[in-house]
Structures are given as structure tokens and as C-alpha cells.
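K.L.:
Taken in order, these protein sequences are the chains called A and B.
For the record, in the first sequence the residue sitting at position 174 is 421 according to the working numbering, with numbers rising by one throughout.
For the record, in the second sequence the residue sitting at position 146 is 150 according to the working numbering, with numbers rising by one throughout.
Using N, Cα and C, we set each Cβ at its ideal position, and we do this for glycine too.
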Amino acid sequence: MAKREIPEINAGSMADIAFLLLIFFLVTTTMDKDQAYVRSIPKRIDVPITDIVEVEKRNIFAIRANFNNDLMVRKELMQNPDDISERVIEFYTKNEKKNDPTNDFPMYSRISMKEIEDNLRAAEAEAEAVENTPNAMQDIIDFKYRQVDEWTNKRNALKLLGKPELPEIHFQAHIRIEVQQATEYKLFAKIQSELEEAIFELRDRAAQDVFGESYGTIQRRYNMDKAKLDKDKMDLLSILYPAKFIEVTPKK
Amino acid sequence: MSKFRKEDKKAAPGVNTSSLPDIVFMLLFFFMVATTSKESDPTVKVVQPKGLRTEDMTPYKQRSEIDFLYLGKPLNPGRAAKYKEMGMEYLLFMDNVAQSTPDDLYNVNAIRRWKLDKFESKPPRMSEPIEGVITCVKADEGAPSGMIFDIRKELQEIDALKIAYAVRDNGNI
């Protein structure tokens, strides 16, 4: 039997095939990451609101922008939008160390561990009571349990903070963005950017203070391995400096 | 009588290209890993404004928990002129919208149907309810903010309660 050599496969066109694939991927994909600010839209309410709670002036940080792209922060005209973040930081920190009722900034409450635990127990008892009531509304039960969670979070936060009291900004304190129909998106985005910067700066300071590392580091590490400790750290920072933004729908 | 040997007419040796496919494949795999596929080719011009401290949308994209919406002037000058007459300078662009007429594509009213269609066509393993699916608005610098709020209103109606404002981040990372 004649020994025949197996003919070699010609691989010369392999490169061409690979190039073709490569070019296909180059064309159909993008390198740039999508960067954005995520915001929540309030849930639609079908029932008309009856009793509207009055919000104290000191708790509002209003940023207004008109059709001409003029900026107004807390009823004062502002030329340079870069100054917004400083004003936001001032808004959060003015009364942080000591409450001064004469100024126009939100008050802080300081709550001790004992008070938190008392409140937590009360909330738990209430939640149970509601759950055991015949035909209680599911919404109310959920609401009560959310309160329990809130107090639990506060307890964890204070434990992590390691101080006798947990400082908390007034629950009404918020930042509202009021733009008009024709305000350029550029300015709207700039406002968002400034707010994000201010919140980052505040939380970063606290993170350096309490944990000795930057907020950015904690965030990145949490995104990588979702550790419980980092979650607690981030919860604490967001309790200290909550990002409460309200975006007001412009009138037609 | 020559001291030098006459140079042979030798052909230059061919370059060995047997490793070329390997190199190209390596490049190919690099690009496959480092890039994400384009979600669509918008027909409106979008120049994003700059911003700092943004959130990266890539993880949401990988879990397909995000839909993109474009807001800008139409690229096609004819179309731009036509819509400008109707008082619409900035138009919406949604990818893969099941529209009945081409005009529908640019209308705020189409958002609901687009969003619900998109939600229906998501893979079944995705557990996120519609409230959790982000709608990312990529708007042009000059777009009126009022349109952003029109979009928000539409999303609120169908309980898609997460919106993202896209910007260009030159700062961190």
C-alpha cells in the first residue's frame, strides 16, 4: 500500500477571514462609555392631594433657570454656574455643627443611640399591630415596615460612625431645579453636574474624616465586589448627606 | 578575471506570514472584549454637554436594563426644514420603534408604545420590572429642557420611573 501524504490545508486565507471579522467588529461597536445622571421620576398619583404640607423657606434650595439661560439660586442672580456646588455645600453644612435659628439654612437634628433604639422598637410594635389588624391595607403595612427599615439603617449608621449622636439634616431639606420650557439642555445638565459634584464633595469629606479613605474609592470597591461593609459605609454617607433633588415640570 | 563573485540572481526570501492570522485574531478578540455594540444609529445630531461625577451606564447595558432615546436636530436637511415649518426644531429618535407612520418616530406620544414594546421584547431571564428599566436621554446641548420634562411625563404614565440624562464626562475615571 502506497503511503500517501496528507495534503496540508492552505491557511493563507485565514488572515483575510480574520481581518473581515475584525473590521466587522470595528464598525458595529463603540468604545466610548455612556455616562449619565440617573434620576427617579415620582410615581403617578391618581387621587388628588388634599392637605399640602407647607415647606419652610430655609429648607428649600431653589435653582431657577429661564428661557434666556439666566440662573437664579435662592432668589439671587448667579452669573457663573460653577458656583452652584459651593452654595449647595454651604446649604448642607451651615448648621451642621451647631443650629443657628437666625440664618436661612436647614436645621440639623442630633439623635442618640438610645433614641434610635426606642424609635426602632416603637416602629416594630406598630408594624406588627397593623399587620395583625383584620383587613389592613397592604400599602400601610409596607409603609410601616419601611419605617422599621429606616430606623434599622440609622442604627447601623450610628454604630459605624462611632460618635454619640447621629447628625441629620431636616427631612424637608431639598434641592429643587426649576427650568423653563426653552432653557437649554446644556444648562440643565450643568446644574445636575454641579449638584452631583457638591454631594460627592460632602460625602468625600465625611469619608476621609470617618474612614480615612475617599468616597470614590469606597464606591469603586463596592461596585467591584459588593461587600457588606462598603454598603454600610455608603448608607451612612447618604444618611449624612441625602441627595434629595426635585425637578419641577415647567409650565407650558 | 574578477575578484568578486558575480552576484547570484537570488529571489528575496518570502516573509513568513503563517502567524498573521494569530495576530489578527488577537486584535479581533481585543476589540470584541473592549467594546460594546452600538445600540442604534440615530438620525438626529447629538452633541452632548459636558458633566462631572457621572455614573457609568455599561453595567445596565450589559443587563439590558436601559433604553436609549435621542433628542437633537435631524441630520437630513430636507427633513429638518420640513419639521421646522411645523415648529419642531428638535426631534426625538427612538431605536426599533414599531411605528405606523414615519412621522410617529419623532413624536413624544410614541414614547409609551416604544418603551412598552422594548420591555416586551426583553429576554425572559430579566427580572427587573418596568420601573427599574432606565430610559437614558441623549440630548443635544441646545435642546429645550421642556422636552425632557415631556419625556418624563410620558414615562410617568407607564410607570417607567427611572430616567438618565446623558453627558460627556472628561473628568474622572
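Smallest Cα separation from A429(A): which of K361(A), E397(A), K498(A)?
P.N.:
If we check each option's Cα against that of A429(A), K498(A) comes out closest.
K.L.:
Buried or exposed: where does E89(B) fall if 16 or more other Cβ atoms within 10 Å of its Cβ makes it buried?
P.N.:
Per the 10 Å Cβ criterion, exposed.
K.L.:
Does chain B have any CB closer than 8 Å to the CB of F447(A)?
P.N.:
F447(A) counts as touching chain B.
K.L.:
Whole angstroms is fine: what's the gap from I256(A)'s alpha carbon to D163(B)'s?
P.N.:
Those two C-alpha atoms are separated by around 59 Å.
K.L.:
Between V320(A) and chain B, is there a C-beta pair that is closer than 8 Å?
P.N.:
Not one chain B Cβ lies under 8 Å of V320(A).
K.L.:
To the nearest angstrom, report how far apart I292(A) and E158(B) are at their CA atoms.
P.N.:
Taking the straight line joining both Cα atoms gives about 14 Å.
K.L.:
If you pair each beta-carbon of the stretch 399 to 415 of chain A with each one of the stretch 349 to 364 of chain A, do three or more pairs fall below 8 Å?
P.N.:
These segments touch.
K.L.:
One question on the structure: do F447(A) and K480(A) come within less than 8 Å of each other, judged by their Cβ atoms?
P.N.:
Cβ distance not < 8 Å, so F447(A) and K480(A) don't count as in contact.
K.L.:
Quick one: what's got a C-beta closer than 8 Å to I493(A)'s C-beta in the same chain, skipping five residues either side?
P.N.:
Answer for I493(A): H421, I422, R423, I424, listed in chain order.
K.L.:
CB M151(B) to CB Y94(B), shorter than 8 Å?
P.N.:
Yes.
K.L.:
Verify the CB distance criterion: does Y432(A) have a CB-CB separation below 8 Å to chain B?
P.N.:
By this cut-off, Y432(A) is an interface position.
K.L.:
Is the stretch 464 to 471 of chain A in contact with the stretch 389 to 402 of chain A, if contact means three or more CB pairs nearer than 8 Å?
P.N.:
Because the criterion of three Cβ pairs below 8 Å is not met, the stretch 464 to 471 of chain A and the stretch 389 to 402 of chain A do not touch.
K.L.:
Along chain A, in chain order, which residues have C-beta atoms closer than 8 Å to that of D60(B)?
P.N.:
Near D60(B) (Cβ distances below 8 Å), the residues of chain A are K280, D281, Q282.
K.L.:
Quick one: residues in its chain with C-beta nearer than 8 Å to the C-beta of I177(B), no 5 flanking neighbours on either side, listed in chain order?
P.N.:
Unreliable placement is indicated for I177(B), whose pLDDT of 45 sits below 50; the coordinate value is still reported in the next sentence. Excluding residues within five positions, the ones whose Cβ falls inside 8 Å are D60.
K.L.:
Do S440(A) and V171(B) count as a contact pair if the criterion is CB distance below 8 Å?
P.N.:
Cβ atoms of V171(B) and S440(A): closer than 8 Å.
K.L.:
So, with DSSP's three-state summary, where would you put G459(A)?
P.N.:
G459(A): coil per DSSP, three-state reduction.
K.L.:
Return no unless some Cβ of chain A is closer than 8 Å to the Cβ of F153(B).
P.N.:
Chain A contact via Cβ: present.
K.L.:
Please report the distance separating the alpha-carbon of S104(B) from that of N111(B).
P.N.:
Here S104(B) scores only 47 on pLDDT, less than 50, and its place in the model should not be relied on; the value that follows carries that caveat. When rounded, the distance between both Cα atoms is 12 Å.
K.L.:
Q291(A) by DSSP, collapsed to three states: which one?
P.N.:
Note on residue identity: the sequence assigns Arg, not Gln, to residue 291(A). Looking at R291(A) - three-state DSSP - the assignment turns out to be coil, as it is neither helix nor strand.
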